[in-house]
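Engineer: Residue numbers (full-length UniProt numbering): 1 to 131.
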Amino acid sequence: MYKNSYGGGGQGQFGGGGSSDIRLLSGEYDDFESLKSRIIVAAGAGGSDSKDQGGPGGSLKGYNSTQNKGKGGTQTFGSIGIENGKFGKGCGENRTIGLEQYHLGTSGGGSGYFGGGTSDDYGSGGGSCYI
């Protein structure tokens with residue numbers, strides 16, 4: 001897993017919520033084969049930012065941020081934005097410069113079956129659930 005991230009929630013200035021799931025195969029959270037074996041996923045919400053609130057974790061589709069800048073993940077792909085959600089992970093990451101880690105000026109997307117995306121200085125979308 002990544003520093004300052006839990007359950008696939010996206011990193012950033014304001015982190016996204018991690019998801020919870022039940023899997024048929026054990027392994028590290030972001031192991032692709034283990035992610036593919038998920039049978040139930042409860043999604044996490046997107047992180048908020050100064051201009052916008054993050055979207056809640058959804059049902060089949062994650063919800064968008066309040067101002068619809070950060071998009072929710074779906075059943076077939078992560079949302080598209082300045083940074084895109086991915087399979088099992090919300091958007092957002094930290095950058096390492098020298099020995100220090102820095103948050104990007106974005107919020108982290110919510111994790112889920114597919115994660116939520118973000119738009120610069122706005123809230124991120126929530127992840128999608130799966131049964």
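Don't be surprised by glycine CBs; every beta carbon is placed ideally from N, CA and C.
(1) I need the DSSP call for K86, collapsed to helix, strand or coil.
(2) Sort I131, K86, G47 by Cα distance to T106 and report the nearest one.
(3) How should S111 be labelled, buried or exposed, when 16 other C-beta atoms within 10 angstroms of its C-beta is the threshold for buried?
(4) Cutting at 6 Å between CB atoms, please list the residues of its own chain near G88, excluding the five before and the five after it.
(5) Determine the DSSP secondary structure at F77, reduced to helix, strand or coil.
(6) To which residues does DSSP link F32 through a beta bridge?
(7) May I have the straight-line CA-CA distance separating M1 from Q67, to the nearest angstrom?
(8) Taking 9 Å as the cut-off, decide whether the C-beta atoms of G116 and G27 are in contact.
(9) Mind reading off the beta-carbon distance from Q75 to S128? Whole number of angstroms is fine, and I expect it under 8 Å.
(10) Which of the three DSSP states, helix, strand or coil, is assigned to D120?
Structural biologist: According to the data block:
(1) Position 86 of the sequence shown, counted from the first residue, corresponds to residue 86. Note: K86 maps to strand in three-state DSSP.
(2) Residue numbering aside, residue 106 sits at position 106 when the sequence shown is read from its first letter. Here the closest residue by C-alpha is G47.
(3) Reading the sequence shown from its first residue, position 111 is the one you call residue 111. Result: buried.
(4) On the sequence shown, residue 88 is found 88 positions in, with the first residue counted as 1. Once the five neighbours on either side are set aside, the close Cβ partners of G88 are G8, L35.
(5) The sequence position of residue 77 within the sequence shown is 77, counting from 1. Note: F77 maps to coil in three-state DSSP.
(6) Numbered from its first residue, the sequence shown carries residue 32 at position 32. DSSP lists no partner for F32.
(7) Here residue 1 refers to the residue found at position 1 when the sequence shown is read from its first residue. Here residue 67 refers to the residue found at position 67 when the sequence shown is read from its first residue. Unreliable positioning characterises M1 in this predicted model, as indicated by a pLDDT of 36, which lies under 50. The coordinate reading is nonetheless provided below. Between M1 and Q67, the C-alpha separation is close to 30 Å.
(8) Taking the sequence shown and counting its residues from 1, the one referred to as residue 116 is at position 116. Taking the sequence shown and counting its residues from 1, the one referred to as residue 27 is at position 27. Result no, Cβ atoms of G116 and G27 do not sit closer than 9 Å.
(9) Within the sequence shown, numbered from 1, the residue matching residue 75 stands at position 75. Within the sequence shown, numbered from 1, the residue matching residue 128 stands at position 128. The Cβ separation is near 6 Å, so the contact holds.
(10) Residue mapping note: residue 120 aligns to position 120 of the sequence shown, counting from 1. If DSSP states are grouped into helix, strand and coil, D120 belongs with coil.
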